[in-house]
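In the UniProt record's numbering, the protein residues as written are 1 to 349.
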Amino acid sequence: MVLRIRGYALPHGEFVDLYADGDRWTTDPVPNAELAAEGWLLPGLVDAHTHPGATSPGDPLDDGVLREDLLRHVDAGVTLIRSPGLAGDPPPWFGEDPDLPRAVHAGPWLAQHGQFFDGWGNRVDHAELPSVAAAQAARSGWAKIIADWGPEDAAVPVDVLKAAADAVHATGGRLAVHTQHSAGSTAAVAAGVDSVEHGMWLDSGLLPDMARQGIALTPTLSGFQGMLPGLRDRPDGPAKDWLLGGTEALGPLVAAAVEAGVRVLAGTDSHPHGLIADEIRALAGTGIRTHDALAAASWSAREFLGLGGLEPGAPADAVVYAEDPRTDLGQLAAPLAVILRGRRVRPHA
Ligand SMILES: [Zn+2]
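Printed below as a string of structure tokens:
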């Protein structure tokens, strides 16, 4: 049975009538196609920063946990994820299973010695970082470098990060960089990486340069904001100032990034999985338009990751809402249908 959707398609809101020809949308009518849903259509949601498959930092990748985490993403309307770091090499069905989201990943995190979670990721000498990152990107399309970690940790030097970005790009891959220090994000932007993850303490003066270079920002805002109550109760000191001040500055940074034309990506980076709506609300809470908050979690993120929207020839993903989610983000909690690879995967038949 061929599946059909129709309604007002974001970002532009034009009326479309689409049929799933396998895993491709087409406007060519198919007789007796099943109308899955009609309303307001997005080309699926995207969680661009999530680490499914492990319950606690340091745990090995567990296929059962991975599947459960990915099902929670689909429940939330997510049809595509990017994992900038995984606890291990994923099984062959990752990103391929018809019931689970499409997925791109960066393999294990690449970190400096003495930084990052014990038991997770690979520790790499500066001299080896470009070749190790390039080899990972050649395997999976992305590499992920932890440019800095704790409040006192030194960032990866800019020349090392630049060599890594160049080596990754030479393979046709892309580089995501975790940073929570101004030195790390400054080095990442100067190095010409592809995405800055978190961007805590990022100098807003760098935003025009990021926009010019097409460097995306994934603030994982809801994850940080979720820590705020506990953070405020911590003993005063440099560590608290670093995390609390950085978190409080992140919302205004997001608003300034959108204003500067930087592509912002929605990423949850948190447990439980499937909380992309929380991140969309957090982004909207910075004062940007709900249109832009939804873009970060849908069409703009898909474009950044190489997938088209609700147009002929594009992969047949969609999430359908009764009303325009831009005027009511509450719609995100109750999609009428989630379409993945031309099949309706929610609600369950
Ligand atoms: Zn992360």
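For each residue, glycine too, the CB sits at the ideal point set by N, CA and C.
Simplified DSSP state of residue i, which is helix, strand or coil
i	result
Val104	strand
Thr327	coil
Phe15	strand
His198	strand
residue 355	Outside the displayed span of the chain (1 to 349) sits residue 355, for which this structure offers no information.
Trp109	coil
Arg212	helix
Ala275	Rather than Ala, the amino acid found at residue 275 in this sequence is Leu. DSSP places Leu275 in coil when its eight states are reduced to three.
Val65	helix
Leu80	strand
Thr220	coil
Val156	coil
Val264	strand
Arg234	coil
residue 361	Beyond the ends of the chain as shown, which are 1 and 349, falls residue 361; an answer cannot be given.
Arg281	helix
Arg139	helix
Arg302	helix
Asp292	helix
Trp242	helix
Ser182	helix
Ala163	helix
Pro252	helix
One or two residues paired with residue i in a DSSP bridge
i	result
Gly39	Gly7
Lys144	Ala176
Arg343	Leu340
Glu34	Leu3
Pro315	Arg24
Val320	Leu41 and Ala337
Arg123	Ala111
Closest by C-alpha distance to residue i, when choosing among the options
i	options	result
Arg67	Gly39, Glu96 and His49	Glu96
Ala76	Ala293, Gly287, Gly173 and Asp278	Asp278
Met200	Arg24, Gln180, Pro272 and Ala295	Gln180
Arg139	Ala147, Arg302, Glu34 and Gly172	Gly172
His198	Leu253, Ala190, Thr218 and Gly192	Thr218
Pro130	Ser83, Lys162 and Leu207	Lys162
Thr112	Pro98, Ile145 and Gly119	Checking the displayed sequence, the identity of residue 112 turns out to be Gln instead of Thr. Looking at the Cα atoms, Ile145 is the closest of the given residues.
Asp203	Ala164, Gln213, Trp40 and Ala188	Ala188
Leu265	Asp166, Ala297, Leu42 and Ala87	Ala297
Val78	Ala216, Ala284, Gly13 and Leu100	Leu100
Ala137	Gly267, Asp125, Leu110 and Asp159	Leu110
Ile339	Leu332, His348, Ala333 and Val319	Val319
Gly120	Leu42, Gly58, His73 and Leu206	In the sequence as presented, Gly is not what sits at residue 120; that position holds Trp. The candidate whose alpha carbon is nearest that of Trp120 is Gly58.
Arg263	Ala295, Arg289, Pro312 and Ala316	Ala295
Pro52	Pro272, Leu283 and Val258	Pro272
Gly330	Thr290, His105 and Arg343	Thr290
Asp89	Thr247, Ala9 and Pro60	Pro60
His105	Pro91, Gly44, Asp23 and Gly22	Pro91
Ser222	Ser182, Arg234 and Gly274	Gly274
Leu332	Glu14, Val258, His73 and Ile288	His73
Pairwise C-alpha distance: residue j and residue i
i	j	result
Pro325	Pro151	39 angstroms
Phe224	Thr27	42 angstroms
Leu153	Ala322	According to the sequence displayed, residue 153 carries Asp and not Leu. One C-alpha to the other measures close to 48 angstroms.
Leu336	Leu3	14 angstroms
Pro31	Tyr19	10 angstroms
Leu243	Ala127	30 angstroms
Ser270	Thr220	9 angstroms
Gly184	Phe117	18 angstroms
Leu253	Pro29	45 angstroms
Arg346	Ala239	43 angstroms
Gly39	Ser195	33 angstroms
Val156	Trp149	10 angstroms
Trp93	Ala54	17 angstroms
Leu175	Asp17	37 angstroms
Leu307	Gly214	17 angstroms
Thr247	Val46	23 angstroms
Ala216	Leu283	15 angstroms
Gly285	Met210	22 angstroms
Ala164	His348	44 angstroms
Leu70	Gly245	33 angstroms
Ala260	Leu206	10 angstroms
Arg6	Ala316	13 angstroms
8 angstroms Cβ cutoff, residue i in contact with chain B
i	result
Pro52	Within the model displayed, chain B is absent; a lone protein chain is all it includes.
Near ligand 3: residue i beta-carbon under 7 angstroms from a heavy atom
i	result
Pro151	Here the bound small molecules are ligand 1; ligand 3 is not part of this structure.
*Mind listing, in chain order, the residues whose beta carbon lies closer than 7 angstroms to a non-hydrogen atom of ligand 1?*
In chain order, the qualifying residues are His49, His51, Pro84, Gly85, His178, Glu197, Thr220 and Asp269.
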